[in-house]
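If you read the sequence shown in numbering that gives the first Met the number 0, its first letter stands for residue 0, the second for the next number, and so on.
Here's the structure, in structure tokens; my notes come after.
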Amino acid sequence: MSTKPADTGRPQGRRVAVLAGRGEFPLRVAGAAAAQGASVYVAALAGAADPADYSAYDAKEYRLGQLGRFLDEIKRRKIDEIVMVGALPRPSFGSLAPELSTLKYLPHFARAFQGGDDHLLRGVVSFFEGQGLRVVGPADIAPDLVAPSGALGRHKPSAVAREAIATGFSLLATLSPFDMGQAAIIADHRVVAVEAAEGTDAMIERVAGLVQAGRLKPGKGDGVLVKAPKLGQDLRVDMPAIGPETVARVAAAGLAGIAVKAGGVLIGDRDRLATLADAAGLFIEGVA
0 MSTKPADTGR PQGRRVAVLA GRGEFPLRVA GAAAAQGASV YVAALAGAAD
50 PADYSAYDAK EYRLGQLGRF LDEIKRRKID EIVMVGALPR PSFGSLAPEL
100 STLKYLPHFA RAFQGGDDHL LRGVVSFFEG QGLRVVGPAD IAPDLVAPSG
150 ALGRHKPSAV AREAIATGFS LLATLSPFDM GQAAIIADHR VVAVEAAEGT
200 DAMIERVAGL VQAGRLKPGK GDGVLVKAPK LGQDLRVDMP AIGPETVARV
250 AAAGLAGIAV KAGGVLIGDR DRLATLADAA GLFIEGVA
């Protein structure tokens with residue numbers, strides 16, 4: 000078997016730092032970068048990622064307040080690219096607990112925290128670019144982790160569900176300027192939930208509670224979770240994602256399926272998601 004790194008058009012021998020949050024995607028991105036011939040250093044964010052999960056790479060845990068220490072390390076290693084991937088709850092500025100080496104960077108982040116999630120993440124990107132790093136997205140390194148166009152499994156949306164999907168994407172586009180969440184649930188010909196600060200999982204569970212209480216009764220083939228990035232969102236950071244837990248929660252809520260923006264949402268293992276969706280009787284559709 001050949002061990003030649005995958006030909007992606009990206010230079011071999013480059014050095015990549017993976018700033019890892021919670022979930023499966025950081026490990027998959029690290030693996031893809033290594034397969035392309037890159038030297039990979041993993042910064043596991045405390046409370047979200049465990050360095051022990053990255054035993055195949057150089058990995059170390061960092062608190063957010065240890066930014067200065069992290070920068071010193073990546074400069075020592077002559078790292079030139081950084082990718083930020085994985086779930087991480089938005090911290091408060093007051094919770095950073097900065098070390099001495101981080102204090103000089105606080106004015107930049109004080110400004111970044113004065114806005115919504117997009118404003119904060121743009122501030123993070125501009126900071127790392129100001130340090131001479133190239134910020135790349137998970138899709139740049141591992142494009143196979145991104146939702147393709149079309150159905151993943153055997154099931155496809157009904158006509159009612161397709162109407163709901165169109166409504167959901169229109170709603171998310173309209174809400175984009177308000178820097179809210181990246182998901183909504185449409186059922187019974189109406190909007191029943193919009194993601195806010197609680198996140199997608201909590202939103203789905205809220206709808207499941209409505210169904211269990213009899214306050215919402217989706218018909219057969221009705222009820223759709225729609226997920227997409229905000230208009231103009233920098234997909235190098237905070238790309239929306241779904242996974243096995245999303246499928247399980249959607250099934251528990253009695254919904255018919257999931258529609259995501261093709262090319263704009265991380266889905267991980269396509270075959271696994273398709274198998275789970277088929278077993279639950281759900282559709283997962285990438286919408287171009």
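For glycine and all other residues, C-beta sits at the position ideal for the given N, C-alpha and C.
Computed from a prediction, not measured in an experiment: that's the story for all the values here.
Taking all protein chains in view, the Cβ of G285 is crowded by 16 or more other Cβ atoms within 10 Å, so the residue is classified as buried. Within a 10 Å sphere around the beta-carbon of G129 sit fewer than 16 other beta-carbons, which makes this residue exposed. Setting aside the 5 residues that flank it on each side, Y61 is surrounded in the same chain by A42 and F69, each with a C-beta closer than 6 Å to its C-beta; the list follows chain order. When only Cα atoms are considered, V159 and V223 end up about 10 Å apart.
Between Q232 and the set K260, G213, L254 and G208, the nearest pair of CA atoms involves K260. Cβ-Cβ separation between G85 and G20: approximately 3 Å, consistent with a contact (criterion under 8 Å). For R271, the three-state secondary structure derived from DSSP is helix. Taking C-beta separations shorter than 8 Å and ignoring five residues to either side along the sequence, A201 has no partners in its chain.
Its Cα nearest to that of D79, the residue L132 stands out among G152, A172, P137 and L132. Per DSSP, E23 lies in no alpha helix (DSSP H) segment and is marked neither H nor E. If you ignore the 5 residues before and after A276, its C-beta comes within less than 7 Å of the C-beta of L151, G152, H154, V246, F282 and I283, all in its own chain and listed in chain order. By the Cβ criterion, the segment 202-209 is not in contact with the segment 155-175, since fewer than three pairs of Cβ atoms, one from each stretch, lie closer than 8 Å.
Closest option to V15, judged by alpha-carbon separation, among Y56, D49 and L44: Y56. Excluding its 5 nearest sequence neighbours in each direction, R110 has C-beta neighbours in its own chain below 8 Å: G122, listed in chain order. In the three-state reduction of the DSSP assignment, A276 falls in the helix class, which pools H, G and I.
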